[in-house]
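Following the working numbering, the numbering of the sequence shown begins with 245 at its first residue and continues without gaps.
Cβ coordinates follow ideal geometry from the N, Cα and C atoms, glycine included.
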Amino acid sequence: MLPVEAVVRRFRFELTAHLGSAAQARRMTRAWLTAWAVCEDTCDSATLVVSELVTNAIVHTSSRQIICELQDEDGKVRIAVGDEGRAHGDPNPAAGRDGEEHGRGLLLVSAVCSAWGALETGPGLQVWAELPREAEDRRPEPVADVVRGTGAEWVS
C-alpha cells in the first residue's frame, strides 16, 4: 500500500499598502479558506487575524507592498503577512489603554491563534499565525439559574 500524502494548499497574494487593503485581504482570505472547506469558525478567526496583521504592516512600516500567504496543511491554517520595512523593535502585544481605538491587534491574534511569531526577511518582517483547521466547540452550555430559574444564563 502506498503512503497517503498530505494535501498542502497554498495561496499568495500581494496588496498595495493602503488602509483599504485590509478589507481586500479579509475578502480574499475568506474566499480561499471557504473554497478549501475550512470550518466557518476558523474562517472567522483567520479573517480577523489577516486584518490585524495587514493593518499592522501598513500602519507600522514604510512598505509599499504587503505580501499575504495562506496555507492549509496538517490540520492547521497558517497565515503570514510580510512587509518591506519595519519600525525598530519586534512586534509585541501591548495592552491598549481604556478608550483607545488601537493597540490591541496582536493581543487579539495571540488570543485566537494556537501560535504566532515573526521572522526577519531582509529589510522587512513576516508575521505569521496558526489556527486549527477545525475549531473546537467552545460554546458554553446553558445552565439553570438557581435564583431566578430562567435557564437562560450561559456559563463559560
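Buried or exposed, going by whether 16 or more other CB atoms sit within 10 Å of the CB of V252? By the 16-neighbour rule on beta-carbons within 10 angstroms, V252 is exposed.
Using the Cα positions of V371 and A281, report the straight-line distance between them to the nearest angstrom. Between V371 and A281, the C-alpha separation is close to 24 Å.
So, under 8 Å CB-CB, L363 and I323 are touching, yes? Tell me the CB distance rounded to an integer number of Å. Distance from L363 to I323 at the Cβ level is roughly 13 Å; contact not present, criterion being Cβ atoms closer than 8 Å.
Beta-carbon gap between T273 and A379 smaller than 8 Å: no
Host alpha helix (DSSP H) of G349 (start-end): 349 to 356
Can you tell me which of L351, L352, L369, E374 puts its alpha carbon nearest to the alpha carbon of W360? E374
Simplified DSSP assignment, three categories, for D316: strand
Using the three-state DSSP reduction, which class does L375 fall into: helix, strand or coil? Residue state, collapsed to three classes: strand.
As a quick exercise: from L350, A355, G326, R377, pick the residue whose alpha carbon is nearest that of G366. The candidate whose alpha carbon is nearest that of G366 is G326.
Return the residue from the list A267, A301, G264, A279 that minimises the CA-CA distance to R254. A279
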